[in-house]
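Final position of the sequence shown in the working numbering is 248; the numbers increase by one with none missing. Okay, so here's the structure we're looking at.
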Amino acid sequence: MTDKVNFGDELVSPEEKTRRVGAVFSSVARRYDIMNDLMSGGMHRLWKDRFVARVKPRAGEDILDMAGGTGDVAFRMARRGAHVTVADINADMLEVGKERARSQGLTGLEWKVENAEALSFPHATFDAYTIVFGIRNVTDIPAALREAHRVVKRGGRFYCMEFSSSDWPGFSNLYEAFASNVIPRIGKAVANDEESYRYLVESIRRFPRPEEFKRMMVDAGFARAAAEPMLGGLVTIHSGWKI
Ligand code: SAM
């Protein structure tokens, strides 16, 4: 019998989880960018700027932006001259991203439907691998980390930004209240999709804490695994190297 995994607070089979995550992002794709602004009060833009400043993309580098969705992080890296492949399991998110790239006059990006758990790229293809607000949605996170390690070159960098439960007293309660009550309501009002946004909140709550995630990175083969908390630990940038 296959082990069950969490889809938000529900236990489902791994295949069912991947299918349902796909449905969530197909359902939110057209409203994804405006919802990000509403749910974070525009903060996601600053977090992504900070993230890309940490990655330090260089002109001509090959970077894989995994779970790249509608391209927010990829666009920032491409503007610095990197050659970016945007990969995502969901073709609807990528379609929205391609339209946005066209409307912003951004060329040279590559777009590929890929499952982070089993990539089609050869070993040692990329100088860096990025994944932003993506890995918590992946059914088998250790498999995705092993694949990240496989496709980066020796000396290549791994960067992941993800939500994490905050340890700040008071702040975490406030965030919990906001996340459980306000975000699904915004989802309902703006995207008419309360369930998808409830899943997003639950998936954030269930994501491993930074120390545990660091251990998972080391198990996948990354060296110098580090976690940099931002905003009282609400968001963490994880980084590591392939040596
Ligand atoms: N990185 C983008 C950003 O920060 O705006 C998009 C983040 S969005 C919250 C999460 C993305 O993860 C979705 O586009 C979803 O399709 C993608 N995703 C979920 N599971 C995946 C998997 N197994 N492999 C690749 N992408 C996946």
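Every residue, glycine too, gets a C-beta built ideally from N, C-alpha and C. Quick caveat, the model's predicted, so the values are computed rather than measured.
Can you list, in chain order, the residues of its chain whose CB lies under 7 angstroms from that of residue i, leaving out five sequence neighbours each side?
i, result
"PHE5", "Because the chain here runs from 6 to 248, residue 5 falls outside it and cannot be looked at."
"ARG229", "GLY245, TRP246"
"LYS193", "GLU199"
"ALA196", "VAL33, ARG36, MET40"
"THR75", "TYR37, ASP38, MET98, VAL101, GLY102, ARG105"
Any idea if residue i is buried or exposed, counting beta-carbon neighbours within 10 angstroms, 16 or more meaning buried?
i, result
"LEU99", "buried"
"GLU167", "buried"
"ILE209", "buried"
"MET6", "Because MET6 sits at a pLDDT of 49, beneath the cut-off of 50, its placement in the model cannot be relied upon, and the following sentence gives the value as read from the coordinates. Flag for MET6 reads exposed."
"ALA92", "buried"
"HIS49", "buried"
"LEU51", "exposed"
"GLU115", "exposed"
"GLU20", "exposed"
"ARG81", "buried"
"PRO147", "exposed"
"SER108", "exposed"
"LYS61", "exposed"
CB-CB under 6 angstroms to residue i, same chain, minus the five flanking residues each way: which ones, in chain order?
i, result
"ASN11", "ARG211"
"PRO234", "THR241"
"GLU15", "none"
"ALA129", "LYS158"
"ALA96", "VAL118"
"PHE30", "ASN95, MET98"
The ligand FMN heavy atoms versus the CB of residue i: any closer than 7 angstroms?
i, result
"PHE80", "Although the ligand FMN was asked about, the structure shown includes only the ligand SAM as ligands."
State yes or no: is the C-beta of residue i nearer than 7 angstroms to some heavy atom of the ligand SAM?
i, result
"ILE188", "no"
"ALA182", "no"
"PHE138", "yes"
"VAL249", "Here the chain has residues from 6 to 248 only, and residue 249 is not among them."
"GLY73", "yes"
"ALA121", "yes"
"ILE94", "yes"
"PHE142", "Rather than Phe, the amino acid found at residue 142 in this sequence is Asn. Yes, the Cβ of ASN142 comes within 7 angstroms of a heavy atom of the ligand SAM."
"ASP8", "no"
"MET98", "yes"
"PHE163", "no"
"VAL26", "yes"
Give the range of the beta strand (DSSP E) segment to which residue i is assigned.
i, result
"ARG229", "228–235"
"VAL223", "No beta strand (DSSP E) contains VAL223, which is instead part of the alpha helix (DSSP H) from 215–224."
"ASN197", "Note, ASN197: premise wrong, no beta strand (DSSP E); not H, not E."
"PHE12", "10–12"
Between which two residues does the alpha helix (DSSP H) carrying residue i extend?
i, result
"SER244", "Counting along the chain, SER244 falls outside any alpha helix (DSSP H), though it belongs to the beta strand (DSSP E) covering 240–246."
"VAL187", "Note, VAL187: premise wrong, no alpha helix (DSSP H); not H, not E."
"SER169", "Per DSSP, SER169 belongs to no alpha helix (DSSP H) and is neither H nor E."
"SER18", "Premise fails: SER18 is in no alpha helix (DSSP H) and is neither H nor E."
For residue i, collect the residues of the same chain with a Cβ closer than 8 angstroms to its Cβ; drop the 5 residues on either side in sequence, then sort them by chain order.
i, result
"THR23", "ILE94, ASN120, THR144"
"PHE131", "ASP67, ILE68, LEU69, THR90, VAL156, VAL157, LYS158, GLY161"
In chain order, each alpha helix (DSSP H) run of at least 4 residues that lies wholly inside the stretch 120–165: Listed in chain order, they are 146–156.
Just list the alpha helix (DSSP H) runs in the stretch 34–117, keeping only unbroken ones of 4 residues or longer that don't cross its boundaries, in chain order. Listed in chain order, they are 37–45, 48–60, 77–84, 96–108.
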